[in-house]
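Down below is the structure, laid out as C-alpha cells.
In the working numbering, the protein residues as written are 519 to 602.
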C-alpha cells in the first residue's frame, strides 16, 4: 500500500493525500510536479527512475489506511539533473 508521503522531498511543499500535484517513482520517492518538471527534469534523483502522478486514496479509506505523517527531505538538496 502506498505511504502517501506528506511533502515534496525537494522543496518541502505540503502534498496532502488528495493532492493532484504529487508525483512518485516506483520506490515512492515523492516530489511536487513543479520540482519534477523544473528542477529534476523528470528523473528521480534517488533512483534514476521516472515519475507518475500519485493516485488519490478515496477519502472513505483514509481513516482505515491513513497517509504517512513522516516528512522526507533531501538533506543535500535537489540539484538539477544534467544530461550525460
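Yeah, the Cβ is synthetic: ideal placement off N, Cα and C, and Gly gets one too.
Tell me, please, which residues DSSP counts as bridged to residue 548. 542
Residue 577 to residue 559 span [Cα, whole Å]: 31 Å
Could you give the residue range of the alpha helix (DSSP H) that holds residue 580? 577-580
I'd like to check one pair, residue 549 with residue 565: are the Cβ atoms closer than 8 Å? no
Residue 589 versus residue 531 - alpha carbon distance: 10 Å
Exposed or buried, which one is residue 591 when buried takes at least 16 other CB atoms within 10 Å? exposed
Could you compute how far the alpha carbon of residue 540 sits from the alpha carbon of residue 551? 6 Å
Is the Cβ of residue 539 closer than 8 Å to any Cβ of chain D? No chain D is present in this structure, which holds just one protein chain.
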